[in-house]
Amino acid sequence: MSIPANNNGKSSSKSLHDVLSQVQNKVTPVWPLADYVAVNPFSGFSHCDFLETASQLTSIASIELFMPLDYYRQRYRDGNLTRECINTALDEMVADGVHGVESIDVNQILAVLHWPLEGRLHTETTDRHKAGIGRDFNTLTDYIDHFCGAEWSQAIADEVSKYCSCYYDAGQAAWVSSQSSDSLFESWRKAAQIDLSFEVLGVRGFRNFVSKLPSDPEVALGGLLEQLKVPQSVWYNLLLCEAFKLPGWSAWTRYQDQTKQQAGGVGNDFVGLLAIRLAYQFAVSRLMDFTVNWQSLVENLPTFSPKDSQIQTVGLIRYALLKAEEIQVRQRLLTGVRLEHSTESRSSRFLCQMVFVSMSGQNEYVATWRHARLLFKRLVLPGSLACRSRWCPWVSSRGTPVYPYC
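The numbering of the sequence shown is this note's numbering, which starts it at 10 and goes up by one.
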């Protein structure tokens, strides 16, 4: 087995580069524990509306953003969902311009809550999801595992994780990696040529196959896609599916690329990860003599704005119930708010109460506090919270400003 360089010219290379950029933008980098910053793992979908994002994540990665209908049925039985909240949710969806919301009404939603329709509406979708075929887009080894009764997907995940753990080791391992100066793909390429693990699993000639891969991960990835006869219209779906099969390592390689680019370098760890995964799958497909008619999938690709009436109806109903529950909680919070009638004159009342939560300690708090006091004369500061142990005052006050000490 050998993978030639992609010979379709600059246009094909540019197309792959553009697709990789789109896929990268969908994967949010994850920060190391030493400097951890919590991020939204789906921030790459922030430009999409909620229903579109839910459809795409379900089709590509089997990630469900909605609670099951049985959950909302129980909430309705317990009195935590009302007809009025559902009506309000539908009105908000209409105001937001949600496509297809005109096709459902409150009576239809209540019928779903009273009568378990989810099984009937979702039978076909659920069966296809379990089978790994149909609307859900799958990786090559997902199809192989389903039709051949194998477990190659897990074996490949273990192999890739093994190499990534070794490459990104930060001093925990007893043996230091000898290829730490190489890129992720090149380091794997060198190590895989002397590692018998995958050949022991039955993939004969794997080391020789790896030795013939191009050293550039993007070129290798393009060659693998060409050998697998994956049309360009499927590249985005397939590569995004590959990325979400190992979400942790995908997010980590994105962070590594981002760090290198900010330092003025070039990062290709994420592309290397995709190339490594596809190389394993290519070898397995040749071993199993298994091919996928990718062209047939083009006609049935997820549009992420499903027109299928049953699937669309279930999605809209679950979205309406999600919003209805949020409205119910919102109303409960607002109902619990009680305005305190004070005997003080309006001029002597404070405009607001503020609590500063500082991640960097005293200096930031003092500067912010002083600036706020200059802007607002009638301000009460109940206290502050800071991460450093030497700066953790918490003074409760009502009507008396609390001044920071320096």
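Every residue gets a Cβ at the ideal spot worked out from N, C-alpha and C, and that includes glycine.
The model shown is predicted, which means the values in this text are computed figures rather than measured ones.
Assuming the contact rule is C-beta atoms closer than 8 Å, residue i and residue j should be a hit. Round their C-beta distance to whole Å, please.
i       : j       : result
Val-115 : Leu-99  : 6 Å
Arg-295 : Val-169 : Not a contact, Cβ separation roughly 18 Å.
Leu-149 : Gln-290 : 4 Å
Val-239 : Leu-247 : 6 Å
Cys-157 : Phe-253 : At roughly 23 Å, the Cβ-Cβ gap does not stay under 8 Å, so Cys-157 and Phe-253 are not in contact.
Pull up the distance between the alpha-carbon of residue i and that of residue j, whole angstroms please.
i       : j       : result
Arg-82  : Ala-120 : 10 Å
Gln-321 : Ser-259 : 31 Å
Gln-265 : Val-280 : 12 Å
Gly-97  : Glu-73  : According to the sequence displayed, residue 97 carries Thr and not Gly. Spanning the two alpha carbons is a distance of roughly 24 Å.
Val-323 : Ile-95  : 15 Å
Asp-27  : Ser-52  : 19 Å
Ile-153 : Glu-251 : 15 Å
Pro-41  : Val-307 : 38 Å
Tyr-45  : Gly-214 : 42 Å
Ala-284 : Trp-244 : 13 Å
Ile-118 : Ser-196 : 55 Å
Arg-129 : Trp-303 : For Arg-129, the predicted model reports a pLDDT of 46, less than 50, meaning its position is unreliable and no value from the coordinates is stated.
Ser-64  : His-56  : 14 Å
Ser-174 : Val-32  : 23 Å
Glu-111 : Thr-62  : 20 Å
Gly-109 : Leu-78  : 19 Å
Gly-345 : Asp-105 : 28 Å
Thr-409 : Ala-47  : The predicted position of Thr-409 is uncertain, since its pLDDT is 47 and thus under 50; no value can be drawn from it.
Pro-50  : Pro-256 : 9 Å
Return yes when the Cβ of residue j is within less than 8 Å of the Cβ of residue i, no when it is not.
i       : j       : result
Leu-249 : Lys-23  : no
Glu-227 : Leu-25  : yes
Thr-262 : Leu-193 : yes
Leu-325 : Ile-113 : yes
Leu-60  : Val-103 : no
Leu-122 : Tyr-85  : yes
Glu-93  : Lys-332 : no
Leu-210 : Ala-164 : yes
Gln-236 : Val-219 : no
Arg-216 : Glu-208 : yes
Phe-75  : Arg-327 : yes
Gln-337 : Pro-38  : no
Val-301 : Val-212 : no
In this structure, how does DSSP classify residue i when only helix, strand and coil are distinguished?
i       : result
Leu-25  : helix
Ala-43  : helix
Glu-334 : helix
Glu-227 : helix
Asn-89  : coil
Glu-208 : helix
Cys-250 : helix
Gly-324 : helix
Leu-74  : coil
Ser-266 : A small correction: the amino acid at residue 266 is Asp; Ser does not occupy that position in the sequence shown. In the structure shown, Asp-266 sits in a helix (DSSP, three-state: H, G or I).
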